[in-house]
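Beneath this line is the structure, given in structure tokens, with notes to follow.
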């Protein structure tokens, strides 16, 4: 299907990988406001696009010498990790509920955290490189988050809530994969909110069409402070997923001691990167989008009952080497709770070992777009490597 259309009425080009008429009005307004900013080089809109806090989810915003902290959002570095194992479907325990409970015992979910910070040296299979240097960087963060050190250290290796999840999946060859979705936890949120507040008070942001698009400008102390904290929070998110994946592998090893794990695939989908297009150095914010440069491996999940895709990037520079980050919501959490019942949830997650209670009705598959359609609309951005279907899903 592939290709793009231009969203009408914008100053910078806003390229859309879906039907422009299908974009909800609030999201279209956000995109036009972004395209009107003087620092924006261009915007790429993914097929999972929908309205979001701060900026449109499923958007890739390329700016010259500027960054909008609200566009990055409060879950800095949120993303995915996946590992293919040597196990096959028949190697999994008959009681998948026992496996799910073991995962939940090993990895805190929701607002939970470890009783004490996990020592990375005691976690088999975890890459130890740079842990001390990374954590020492906490002392250089914005001064007023110093009191959060204990909480931040204990939340490393935890899932969180909302749409974050841990899954055991099968591919079309009955091979077992492990997959998870999480970000920078509370410390990322605290850092983001502080910098968003600073940006809104800067004089050059007073006449913007949307106060959520307040920016920092390169060469200013405010930008330097934000980028320092941003890079650290993105690394926190990456290491959080790495630690969780190592803990998850440890749980699986309890059930199948013979298991072998392949190299993990990992990708942010709420983050900033320094990239060059057409000879211009840009700051690229992917708000609900993954990098899909030529050969890059990525993960595009569906909902908790529909499966996910491992993909390889095709390097489409019109999309700033990007692809969608998931299926994308088609209704808000509030609307989902009003629309669907627990009975609906049980029906739509049949065959998946997961929570089936009122606390996760807002994550029901029916609240999300059709992942198959989303994948088809970006066949010029990525190619499919593997199609996964979850058999166990842990939610926060």
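Residue numbers (my numbering): 134 to 529.
Don't be surprised by glycine CBs; every beta carbon is placed ideally from N, CA and C.
Between residue i and residue j, what straight-line distance do the alpha-carbon atoms span, to the nearest angstrom?
i	j	result
residue 286	residue 251	8 Å
residue 503	residue 265	42 Å
residue 211	residue 296	11 Å
residue 146	residue 322	30 Å
residue 519	residue 353	44 Å
residue 188	residue 390	45 Å
residue 300	residue 508	20 Å
residue 483	residue 239	25 Å
residue 432	residue 471	30 Å
residue 530	residue 279	No answer is possible for residue 530: the residues shown for the chain start at 134 and end at 529.
residue 227	residue 256	27 Å
residue 447	residue 453	11 Å
residue 242	residue 293	5 Å
residue 155	residue 461	13 Å
residue 308	residue 529	26 Å
residue 163	residue 310	37 Å
residue 445	residue 134	17 Å
residue 281	residue 357	21 Å
residue 511	residue 180	7 Å
residue 199	residue 415	9 Å
residue 272	residue 290	20 Å
residue 524	residue 486	6 Å
residue 167	residue 344	11 Å
residue 479	residue 506	24 Å
residue 284	residue 231	29 Å
residue 326	residue 384	35 Å
residue 369	residue 248	19 Å
residue 450	residue 258	36 Å
residue 244	residue 141	42 Å
residue 404	residue 458	12 Å
residue 158	residue 342	16 Å
residue 253	residue 261	7 Å
residue 477	residue 229	22 Å
residue 500	residue 359	34 Å
residue 191	residue 394	31 Å
residue 407	residue 371	17 Å
residue 378	residue 143	42 Å
residue 216	residue 312	6 Å
residue 489	residue 468	18 Å
Terminal residues of the continuous beta strand (DSSP E) containing residue i?
i	result
residue 410	403 to 410
residue 298	298 to 304
residue 441	441 to 446
residue 148	147 to 149
residue 485	No beta strand (DSSP E) holds residue 485; DSSP gives it neither H nor E.
residue 173	173 to 183
May I ask which residues mark the beginning and end of the alpha helix (DSSP H) holding residue i?
i	result
residue 384	354 to 388
residue 478	475 to 481
residue 163	158 to 168
residue 531	With the chain running from 134 to 529 in the structure shown, residue 531 is simply not present.
residue 269	264 to 269
residue 507	504 to 509
In three-state DSSP terms, what is residue i?
i	result
residue 415	strand
residue 308	strand
residue 459	coil
residue 465	coil
residue 438	coil
residue 423	strand
residue 519	strand
residue 492	helix
residue 430	strand
residue 528	strand
residue 450	helix
Report back the beta-carbon spacing between residue i and residue j to the nearest angstrom; my notes put them in contact at under 8 Å.
i	j	result
residue 392	residue 219	6 Å
residue 193	residue 422	5 Å
residue 437	residue 397	Not confirmed; about 21 Å, so no contact.
residue 400	residue 186	With a Cβ gap of about 22 Å, residue 400 and residue 186 do not count as contacting.
residue 366	residue 347	With a Cβ gap of about 19 Å, residue 366 and residue 347 do not count as contacting.
residue 201	residue 418	7 Å
residue 382	residue 521	At roughly 17 Å, the Cβ-Cβ gap does not stay under 8 Å, so residue 382 and residue 521 are not in contact.
residue 316	residue 208	4 Å
Can you check the region 186 to 254 for any alpha helix (DSSP H) of at least 4 residues that lies completely inside it and give the ranges in chain order? 202 to 205 and 229 to 239
What are the start and end residues of each continuous alpha helix (DSSP H) run of 4 or more residues lying completely inside the region 310 to 350, in chain order? 318 to 333
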